[in-house]
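Okay, structure first, notes after.
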Ligand SMILES: Nc1ncnc2c1ncn2[C@@H]1O[C@H](COP(=O)(O)OP(=O)(O)OP(=O)(O)O)[C@@H](O)[C@H]1O
Ligand SMILES: Nc1ncnc2c1ncn2[C@@H]1O[C@H](COP(=O)(O)OP(=O)(O)OP(=O)(O)O)[C@@H](O)[C@H]1O
Ligand SMILES: [Mg+2]
Ligand SMILES: [Mg+2]
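Chains as they are written, first to last, in our numbering: chain A, 120 to 435; chain B, 120 to 435; chain C, 5 to 306; chain D, 49 to 548.
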């Protein structure tokens with residue numbers, strides 16, 4: 120058991136080692152990288168993905184996937200700004216309605232996956248497609264802006280030197296870790312992801328667990344969408360094309376197995392930080408944006424590959 | 120056994136029924152839909168996805184997925200046109216080199232999935248990211264054009280009234296069905312997709328099967344890329360963004376289970392035709408392109424959902 | 005400049021770097037900046053405002069002297085641009101009349117659309133009458149504001165400049181060539197006499213030109229068929245120059261890519277040298293049609 | 049004993065597409081009794097008992113628990129009504145600890161927060177009661193098959209259920225573990241728990257049960273009082289005919305001069321310095337406790353896992369198979385112990401399952417000879433008496449025993465010379481067992497093949513083997529010739545290493 124724990128620590132640290140190596144590398148290339156200002160900016164940039172990654176972690180732990188995340192973020196952007204600007208709904212109410220709507224989209228996904236039995240990849244892809252259309256219809260392809268100043272707080276505000284989105288992200292990570300490790304339904308996520316039939320026969324209402332997880336994924340995506348909206352201060356019908364893959368990358372880099380049943384929140388934090396360091400650092404060192412894609416692909420393969428290869432060797 | 124076959128026929132026909140209903144609906148809305156000219160145009164438009172879907176079918180049968188398809192198509196576009204235009208390589212040789220390169224990308228995916236053990240979703244996503252960068256670097260973001268007239272045949276030529284790409288697609292479908300039903304490789308695909316460990320212990324070299332399947336997926340994507348290149352007559356660094364999901368949709372609509380081990384080529388043909396009818400018909404009836412997205416999402420859910428719900432009920 | 009060694013550093017973020025027009029202009033702009041001995045970073049934000057805000061943040065931290073944004077959504081980058089201004093960094097906006105900038109190099113997209121419409125009208129007026137109306141297809145891409153404005157402008161331009169001799173029979177998507185080609189084929193199948201195609205970008209032109217070539221064959225495209233869009237890329241110019249394809253005119257900007265890049269770099273110089281834009285910081289870009297008459301001149305600078 | 053029934057399954061019918069698994073079966077469990085449920089493979093035992101937890105929803109029929117009638121069950125309802133079930137297939141979550149598996153679905157918690165420590169303490173107590181040393185914090189995936197089963201048993205007991213259903217609980221266990229399980233079962237009986245016990249091992253039935261229910265082909269046959277019944281009668285009721293011998297006799301067909309397989313100091317995969325010789329026509333038994341490393345040895349011979357050192361000789365030539373394919377091509381076959389995971393390819397047909405290793409052989413330019421494929425499948429369906437309406441049936445629709453027959457058929461079809469059987473009759477009924485034994489005899493006697501047989505059933509090991517090798521903790525601890533066979537000797541060797 121001791122051995123096991125040690126093994127786990129080393130494994131999760133492998134990701135942190137990658138992060139530190141990256142940071143050292145970027146700092147050598149451009150010393151500005153390691154300044155507190157830049158690190159905070161770096162975290163602020165990744166906050167949207169970090170927040171959404173908490174919900175995505177749950178979904179992937181279940182062995183499913185949520186491709187709707189990007190569309191939900193876009194939809195939230197458009198819906199919330201439409202409510203505030205075109206319908207004059209007060210900010211607090213608009214936020215509540217928006218979060219409820221994003222959670223409902225999650226529940227719709229849960230319904231398709233759990234009750235109808237459509238594989239999550241397909242169900243959430245359909246949701247993605249449909250809601251990207253709906254978002255564009257709502258805003259008629261036009262950006263919507265003109266929010267109250269107070270709305271800017273979520274995306275642009277600061278508490279001392281720390282940006283509010285970073286604080287929201289940290290709270291979400293902590294909440295995610297708490298749910299996974301301390302609550303009974305968090306443990307159910309592992310059980311359902313590991314062996315759904317065994318979980319069902321042990322009296323776990325697996326259907327409800329799936330609904331819950333997709334609803335949470337919708338909720339966190341909604342929250343991420345609000346932060347993004349407040350950050351860019353304008354609701355657009357294509358705010359977050361392809362964000363789902365950014366978020367999935369954070370989660371998977373963090374060592375959560377796409378076949379479900381294993382992974383930890385701390386790894387996802389590391390995965391998110393790596394993506395954030397890469398995004399920020401590659402611009403700081405003037406890397407051509409086409410080359411950036413190549414680097415991203417290679418880092419993903421190396422980080423995940425190392426983990427997978429270890430596991431594969433252990434299995435023998 | 121009779122009963123079983125009948126059941127299968129009905130199941131595969133459910134997809135064909137959807138196709139026919141769509142066709143009837145579009146014809147009522149716009150009688151031009153059903154003209155031979157339009158049907159041929161419709162098939163020509165979908166040929167690129169149809170060709171790539173053959174390889175994707177194999178991959179999904181294995182329970183894996185190939186997100187690199189879109190990038191491979193783009194890469195092939197750029198590489199082949201670069202070879203022909205900027206390096207003066209003769210057409211036939213350029214085609215051979217290009218197909219070899221796309222197959223090699225497939226083998227690279229196979230290596231990552233089979234030898235290193237990276238989940239296909241991640242491995243091929245990394246390939247996608249990296250090769251979209253490579254394609255842009257090769258062409259420097261610029262379209263490459265000025266091919267010989269003879270190169271146009273693959274995408275724009277006709278044999279009698281039938282466009283060459285449609286003929287290529289039909290040959291690919293037939294080849295796919297032949298591989299799946301008549302050769303031992305096909306049996307291996309089902310076995311590995313169903314239970315990889317049992318397959319290995321029955322003497323199947325499962326690693327090689329994975330390599331083969333990803334190589335085939337790369338090859339068919341390469342072929343699709345060549346047809347696209349010849350069709351648009353210009354190689355671009357962003358020719359086929361998101362094509363992988365179009366192709367996956369064709370395959371999954373056709374009833375191939377994303378968890379692997381079950382599905383038939385005839386279903387995929389139907390799935391491809393449905394997508395093609397939708398794409399063509401929705402433009403014919405002047406449907407707003409935002410609404411088109413919503414319709415696509417709903418059709419996908421209905422078609423796959425029906426199948427999944429049936430299976431779920433049967434399982435009890 | 006704030007750089008330690010005195011060199012000037014420019015950060016550029018544009019909507020989309022994998023687009024032929026942008027890749028072409030940026031390639032020339034790189035040459036211009038190299039010639040002036042500047043350092044630069046060019047990134048694309050894939051039409052994503054959130055990404056773009058992050059990119060501007062990165063430019064600020066990396067110590068740029070000048071940041072140029074080609075905004076995915078101008079409103080979204082106002083905030084971060086004001087931060088850049090506060091940090092004593094010069095900011096230039098390409099396309100939109102933004103507030104928190106030193107100067108704007110403005111392209112009025114509705115105006116550009118109108119110009120496309122006007123150019124198309126000339127072609128239509130030449131070939132069609134009240135009795136034999138032009139069957140016009142508008143190729144747009146309604147998911148971005150810029151392209152939406154262009155499409156609306158096109159319709160206005162047609163209305164203003166045409167007599168009652170045209171009819172819009174379809175509006176389809178076509179940002180990239182394959183999509184445009186597919187949709188144009190479908191339109192031609194629905195309306196066999198669709199003959200004029202007007203679009204908002206290079207992809208629309210390349211795609212519909214190719215669809216017409218496939219339909220009729222090179223040199224056999226009827227005279228009264230035509231494709232007219234904007235964006236200046238080599239492929240479009242080649243098609244125009246060839247004369248036996250469907251491209252009839254392109255609405256361009258300063259001229260060739262080189263001209264555009266030079267004009268842009270000149271703007272950079274003016275801003276960096278501390279020119280005072282307080283009287284009028286919106287510099288409007290020139291728009292004008294490219295036809296067989298001036299195509300050779302433009303091709304020289306591509 | 050009161051005459052009141054605590055559980056009644058009345059007129060249960062269950063249809064699957066193409067198969068009627070149960071036709072009107074009724075089963076009634078009295079308070080405090082142990083009711084044995086027996087029947088051939090595919091008789092419908094597992095299906096029947098799955099109905100009382102909602103794991104299977106019956107097509108028609110009634111379920112009455114303590115007088116309350118349920119038209120349909122769910123796992124939650126079953127548990128609320130005091131029913132606990134140990135399923136034939138494992139039902140654990142590999143990525144959770146033993147303790148969490150023990151409390152799966154009903155964790156000890158305060159509000160929404162779980163109490164890990166309390167669960168671990170309770171689990172430790174439960175394991176102690178079963179006399180097993182399992183670390184409650186150990187991940188399930190790190191436990192052997194036998195230990196995983198013990199966790200399942202502990203889990204069922206932990207629930208303090210009033211009704212306990214056990215579907216072949218002893219199948220993956222060794223005799224020592226079976227003993228401690230029996231003690232617990234006796235204890236539960238004393239506490240008044242009512243138990244349904246399913247097993248193919250009749251000696252267990254006689255030792256534990258009060259009454260016996262026999263079903264055959266999805267139909268109720270008869271209920272007997274255990275004390276008044278005869279083994280012969282039971283077997284006849286189960287298989288519908290008379291069986292005289294348990295182990296069919298076999299003439300001496302060993303060719304001492306020809307060594308088919310020889311291992312010299314083979315080390316790796318948890319085994320150390322294994323030496324053995326298998327002659328042509330011989331059945332060599334491998335005995336030992338759970339975790340002795342027998343499966344691991346088989347994996348090395350079959351090329352599934354590489355060996356670290358030592359030499360292997362097959363028919364005099366040194367071999368080092370790097371994959372099962374190479375081993376199969378040499379003429380070696382392995383009938384694996386975990387049928388669902390390693391043997392059957394559940395989603396494909398019986399025909400394809402049988403032909404899988406020989407497709408390449410029976411193809412021309414990669415194209416399969418479909419006529420030959422059909423012939424081979426038909427031949428081995430007949431030989432192995434596989435119960436199925438047709439060969440295109442998916443193998444997952446067969447009962448455990450019939451699945452095993454398909455796997456055996458596969459290796460017969462592959463024409464293997466050396467066949468390794470890992471627990472060949474695990475979970476297989478008496479009638480089918482006898483057929484398999486006869487087949488094994490035919491293989492060595494008539495076809496000159498050689499067999500390496502791993503078995504945890506002492507009777508079977510002694511009944512079938514010509515010689516027995518015993519392993520303990522990866523070491524070879526003893527070799528017995530036929531005349532030395534006795535349970536005591538084998539047990540002594542099997543526990544040798546741990547006594548040192
Ligand atoms: N999911 C299923 N689909 C179709 N048929 C099934 C399914 N499950 C079981 N059957 C059929 O039901 C019958 C009873 O199977 P069951 O597993 O209950 O037998 P059993 O008595 O437990 O056998 P064993 O002793 O081998 O475990 C078999 O004929 C089997 O083919
Ligand atoms: N997945 C695993 N991880 C770690 N150790 C394992 C694993 N599987 C087995 N072992 C160890 O390998 C050894 C052999 O176990 P196994 O149960 O396979 O032996 P066996 O002789 O085949 O027993 P059986 O009687 O079940 O056939 C044991 O010491 C066990 O603890
Ligand atoms: Mg059973
Ligand atoms: Mg074993």
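Note that the Cβ used here is the ideal one computed from N, Cα and C, for glycine as well.
For residue i, the nearest candidate out of the options (CA to CA)
| i | options | result |
| --- | --- | --- |
| residue 419 of chain D | D:267, D:464 and D:403 | D:403 |
| residue 179 of chain B | B:220, B:312 and B:205 | B:312 |
| residue 388 of chain A | A:166, A:157 and A:160 | A:166 |
| residue 321 of chain B | D:393, D:411, D:527 and D:539 | D:393 |
| residue 227 of chain D | D:428, D:191, D:243 and D:180 | D:180 |
| residue 281 of chain C | C:166, C:38 and C:101 | C:101 |
| residue 48 of chain D | D:443, D:479, D:328 and D:509 | A question about residue 48 of chain D goes unanswered here, because the residues of chain D that appear run from 49 up to 548. |
Residue(s) in a DSSP beta bridge with residue i
| i | result |
| --- | --- |
| residue 98 of chain C | C:109 |
| residue 529 of chain D | D:515 |
| residue 359 of chain D | D:312 |
| residue 56 of chain D | D:76 and D:112 |
| residue 141 of chain C | C:174 and C:201 |
| residue 354 of chain A | A:263 |
| residue 411 of chain D | D:416 |
| residue 245 of chain D | D:84 and D:214 |
| residue 326 of chain D | D:309 |
C-beta atoms of residue i and residue j nearer than 7 Å
| i | j | result |
| --- | --- | --- |
| residue 399 of chain B | residue 55 of chain C | no |
| residue 379 of chain B | residue 182 of chain B | yes |
| residue 20 of chain C | residue 51 of chain C | yes |
| residue 188 of chain D | residue 158 of chain D | no |
| residue 212 of chain D | residue 241 of chain D | yes |
| residue 337 of chain B | residue 200 of chain B | no |
| residue 489 of chain D | residue 296 of chain D | yes |
| residue 499 of chain D | residue 331 of chain D | yes |
Checklist entry - Touch check for the region 529-538 of chain D and the region 356-366 of chain D: three-plus C-beta pairs under 8 Å? => result They do not touch, by the three-pair rule.
Quiz prompt | the region 207-241 of chain B: positions lying closer than 7 Å to chain C by Cβ | solution = Those residues of the region 207-241 of chain B that come within reach of chain C (Cβ to Cβ, closer than 7 Å) do not exist; the list is empty.
- Can we say the region 195-202 of chain B touches the region 408-415 of chain B, given the rule of at least three CB pairs closer than 8 Å? In short, these stretches do not touch, since the Cβ pair count stays below three.
When you compare the region 456-466 of chain D with the region 378-385 of chain D, are there three or more beta-carbon pairs, one atom per stretch, that lie closer than 8 Å?
When C-beta atoms of the region 456-466 of chain D are compared with those of the region 378-385 of chain D, three or more pairs fall below 8 Å, so the two segments count as touching.
Determine which residues of the region 151-168 of chain D have a Cβ less than 8 Å from any Cβ of chain A, and write them out in chain order. Result list: 152, 153, 154, 155, 157, 160, 161 and 162.
- prompt: Quick one: any contact between the region 203-218 of chain C and the region 231-249 of chain C, if contact means 3 or more CB pairs under 8 Å?
  reply: With the cut-off at 8 Å, the region 203-218 of chain C and the region 231-249 of chain C touch.
Below 8 Å, how does it come out for the region 290-309 of chain B and the region 360-368 of chain B: are there three or more Cβ pairs, yes or no? For the pair of segments examined, the region 290-309 of chain B was found not to touch the region 360-368 of chain B: the number of CB pairs separated by less than 8 Å stays below three.
Take every Cβ of the region 413-420 of chain B, pair it with every Cβ of the region 237-253 of chain A, and state whether three or more of those distances are shorter than 8 Å. The region 413-420 of chain B makes contact with the region 237-253 of chain A; the number of CB pairs closer than 8 Å reaches 3 or more.
Practice task
With 8 Å as the C-beta to C-beta threshold (strictly closer), list the residues of the region 258-292 of chain A near chain C in chain order.
Solution key: Here the close residues are 260, 261, 262, 264, 271 and 275.
Q | Contacting positions in the region 141-167 of chain B - beta carbon closer than 7 Å to chain C | A | For the region 141-167 of chain B, the beta-carbon criterion of a distance under 7 Å to any beta-carbon of chain C is satisfied by 149, 151, 156, 157, 160 and 164.
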